């Protein structure tokens, strides 16, 4: 923490920024990090002002710009992280390629063992999760993709520390001295009892010799894990670490080593084969028109839009599977930004620890990109993603709106989210309520989305209108919501009383708004579901 903070300087790393760093970009990063650390990814504007040390006018302009980009939502005086922000973390995960190449084997192992399995990478003196395959039970793993944990309190930590340099160890010792209770790691409970540094040094030496490591309730009582490194076939260094995680009511640490370590090692060997035989990434399309968009937004919003912040964040989206380590010139070409703009953004990101130089005048993203909103957003369900869009829809059409999914039976729908209006007479929908699928508009949309669609007309027209079939006077219109693969996973509907709107009026006036809402939900779902399965309920 710096000794002095002005109202225009974010309290962040405590190291002076280079002269060429983009100050508004650093302020935007500070705002996103404070929101990431906040409960539910939400803070009031005044709380952000206090947390970042920025002037209120600066916070207002930064959040207005982030809202324009779709990275946050503004609701009165509150600021909330929005799913589209995950595109920054997705850029890192895509460039890394490990989740795409290895997650299927991690998921299969979790299913076979009925235990949680995770993949983690090293992040300075900590570890950060890049994939989680968790079990749904009363006692289950609560870590999220992007969460940062202190290396010494984890099973993967010693395996990464075995490759640390002297500078890495000095940084670790310094952090331990200044933060003995791990208060700078929001994902873990504060340490109740400190341990000597020698303990972790001994565990690291043993992990290097054994080729695996154990966590026997280091994070908190009851949590145990065993880890094995997945090595890069080219360099032989640790690319990531795979872990099986359980609790002591199911397995002791000794049980994990005896019963599950051999199976984990077998899967890790297969993962290393996957890395060895993976085809090179195919060329991908660069981000389209982002430089033009930022310029147009500046012209429209004027001083409230911080163009240098928007353009700086745009630089991160140039990275990906087909451009894991681009040069400055390649980033400028991909984004349409001037080389000077890209250069200053890269200087800023390197100072913030989000970008690192690579051989050949190239650059790579670091795991710290996941600190920009990814952990809280990576747990969002489809109803949570859809809720703000449903609220906006209900406000626009002045009718109640809802989200529904098909129940396991295939014969009923279940409402999972809703937004109401102020009408005295309106359709009442309770979250969790079930209705016969064939008698409802969302039900017909969902049935029409099945592989052997029993409602081809609904499937062809892309919507369903049910007129007073479920109940006299109730008129309902619904459209499908599709996931990244094009599969229908939910339906959005608006219900009205027949006396307020005719069937023709529903199609003419409400249907376009319904489709607009479904498009917005699908856009968020595509981003949120790129490297994880989004729960539909």
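Residue numbers (this note's numbering): 10 to 546. Beta carbons: idealized from backbone N, C-alpha and C, even for Gly. Note that the structure is predicted; figures quoted are calculated from it, not measured.
- Task: May I ask you to report which of helix, strand or coil DSSP gives residue 91?
- Result: Reading the chain shown from its first residue, position 82 is the one you call residue 91. If DSSP states are grouped into helix, strand and coil, residue 91 belongs with coil.
- Item | In DSSP terms, what residue 140 is bridged to | Residue 140 sits at position 131 when you count from the first residue of the chain shown. DSSP lists 128 as partners of residue 140.
- Query: Hey, is the segment 529-541 in contact with the segment 394-402, meaning 3+ C-beta pairs nearer than 8 Å?
  - Reply: The segment 529-541 makes contact with the segment 394-402; the number of CB pairs closer than 8 Å reaches 3 or more.
- Query: According to DSSP, is residue 305 helix, strand or coil?
  - Reply: Taking the first residue of the chain shown as position 1, residue 305 is located at position 296. Helix.
- Message: Among 55, 252, 320, 361, whose alpha-carbon lies nearest the alpha-carbon of residue 26?
- Response: Working through the chain shown from its first residue, we reach residue 26 at position 17. Nearest C-alpha to residue 26: 361.
- Query: How is residue 9 classed by DSSP in three states: helix, strand or coil?
  - Reply: Because the chain in this structure spans residues 10 to 546, residue 9 falls outside the shown range and cannot be described.
- residue 106 vs residue 420 beta-carbon contact at 9 Å: By 1-based counting over the chain shown, the position of residue 106 is 97. By 1-based counting over the chain shown, the position of residue 420 is 411. At a Cβ-Cβ threshold of 9 Å, residue 106 and residue 420 do not count as neighbours.
- When DSSP builds the beta bridges, which residues end up paired with residue 502? Residue 502 sits at position 493 when you count from the first residue of the chain shown. Residue 502 pairs with 411, 487.
- Task: Determine the closest residue to residue 263 out of 224, 301, 237, 317, with distance taken between C-alpha atoms.
- Result: In the chain shown, the residue the question calls residue 263 occupies position 254. Residue 224 holds the alpha-carbon nearest to the alpha-carbon of residue 263 among 224, 301, 237, 317.
- Task: For residue 567, count neighbouring Cβ atoms within 10 angstroms of its own Cβ and tell me buried if that reaches 16, exposed if not.
- Result: Here the chain covers residues 10 to 546 and nothing more, so residue 567 does not appear.
- Task: Confirm, please, whether the CB-CB distance from residue 411 to residue 427 is below 9 Å.
- Result: Stepping through the chain shown from its first residue, residue 427 is reached at position 418. Stepping through the chain shown from its first residue, residue 411 is reached at position 402. Yes.
- Query: Opposite residue 476 in the DSSP bridges: which residues?
  - Reply: Indexing the chain shown from 1 puts residue 476 at position 467. DSSP, once it has assigned bridges, lists 484 as partnering residue 476.
- Message: My output table needs one value for residue 11: the three-state DSSP class, helix, strand or coil.
- Response: Here residue 11 refers to the residue found at position 2 when the chain shown is read from its first residue. Residue placement at residue 11 is flagged as unreliable, the pLDDT there being 34, under the threshold of 50; a coordinate-derived value is accordingly withheld.
- Message: Looking at the strands, I want to know which residues DSSP matches up with residue 157.
- Response: The sequence position of residue 157 within the chain shown is 148, counting from 1. Beta bridge pairing from DSSP links residue 157 with 137.
- Item | Through-space distance from residue 321 to residue 29, alpha-carbon basis | Taking the first residue of the chain shown as 1, we reach residue 29 at position 20. Taking the first residue of the chain shown as 1, we reach residue 321 at position 312. The straight-line gap from Cα to Cα measures roughly 13 Å.
- Query: Roughly how many angstroms lie between the CA atoms of residue 147 and residue 517, to the nearest whole one?
  - Reply: Here residue 147 is taken as the residue at index 138 of the chain shown, counted from 1. Here residue 517 is taken as the residue at index 508 of the chain shown, counted from 1. With a pLDDT of 47 at residue 147, under the threshold of 50, the modelled position of this residue cannot be trusted, and the question is left open.
- Message: I'd like to confirm the pairing. Which residues does DSSP put opposite residue 423 in its beta bridges?
- Response: One-based indexing of the chain shown puts residue 423 at position 414. The partner list for residue 423 (beta bridge, DSSP) reads 414, 443.
- Item | Beta-carbon contacts of residue 227 that lie in its chain and below 6 Å, excluding the five residues immediately before and after | Within the chain shown, residue 227 is the residue found at index 218, counting from 1. Only residues of its own chain outside the window of five on either side were considered, and among them 162 have a CB closer than 6 Å to the CB of residue 227, listed in chain order.
- Message: Below 8 Å on the Cβ atoms is my contact criterion, and I expect residue 503 with residue 490 to pass it. Report the Cβ-Cβ distance as a whole number of Å.
- Response: Here residue 503 refers to the residue found at position 494 when the chain shown is read from its first residue. Here residue 490 refers to the residue found at position 481 when the chain shown is read from its first residue. Their Cβ separation, rounded to whole angstroms, is 14 Å, which puts residue 503 and residue 490 out of contact at 8 Å.
- Task: Could you tell me which of 216, 108, 42 sits nearest to residue 539, measuring between CA atoms?
- Result: For this step, residue 539 is matched to residue 530 along the chain shown. Taking residue 539 as reference, the option from 216, 108, 42 with the minimal CA-CA separation is 108.
- Between residue 434 and the rest of its own chain, which residues show a CB-CB distance below 7 Å, the 5 nearest in sequence each way excluded? In the chain shown, residue 434 corresponds to position 425, counting from 1. Summary for residue 434: the model assigns pLDDT 48, below 50, so the residue's position carries little reliability, and this model does not support an answer.
- Message: Closer than 8 Å is the cut-off here; do at least three beta carbon pairs connect the segment 202-222 with the segment 83-100?
- Response: Result no; under three Cβ-Cβ pairs closer than 8 Å.
- Message: Using only CA atoms, which one of 260, 371, 188 lies nearest to residue 123?
- Response: To locate residue 123, count along the chain shown from 1; it is residue 114. The option with the nearest alpha carbon to residue 123 is 260.
- Opening and closing residue of the beta strand (DSSP E) in which residue 256 lies: Sequence index remark: in the chain shown, residue 256 carries index 247 (1-based). Start and end: 247-256.
- Message: In whole angstroms, give me the CA-to-CA distance for residue 14 and residue 350.
- Response: Here residue 14 refers to the residue found at position 5 when the chain shown is read from its first residue. Here residue 350 refers to the residue found at position 341 when the chain shown is read from its first residue. Model confidence at residue 14 stands at a pLDDT of 37, short of 50, so the residue's coordinates are unreliable; what they give is reported in the following sentence. Distance from the CA of residue 14 to the CA of residue 350, rounded to the nearest whole angstrom, comes to 27 Å.
- Hey, would you say the C-beta of residue 453 is under 8 Å away from at least one heavy atom of the ligand GDP? Inclusion of the ligand GDP in the displayed structure is not the case, the ligand content being empty and no account of it being possible.
- Message: Output needed for residue 166: all residues of its chain with C-beta closer than 7 Å, excluding positions within five of it in sequence on either side, in chain order.
- Response: Position 157 of the chain shown, counted from the first residue, corresponds to residue 166. The beta carbon of residue 166 is closer than 7 Å to those of 136, 160 in its chain, skipping five residues each way along the sequence.
- Message: Please state whether the Cβ-Cβ distance between residue 389 and residue 92 is less than 9 Å.
- Response: If you number the chain shown from 1, residue 389 lands on position 380. If you number the chain shown from 1, residue 92 lands on position 83. For the pair residue 389 and residue 92, the CB atoms are nearer than the 9 Å cut-off.
- Message: I'd like the list of long-range same chain contacts for residue 17, defined as Cβ closer than 7 Å, with 5 residues on each side in sequence excluded.
- Response: Taking the chain shown and counting its residues from 1, the one referred to as residue 17 is at position 8. Low per-residue confidence applies at residue 17: pLDDT is 47, beneath 50, and the placement is therefore not dependable, though the value from the model is reported in the following sentence. Same-chain partners within the cutoff: 63, 64, 67.
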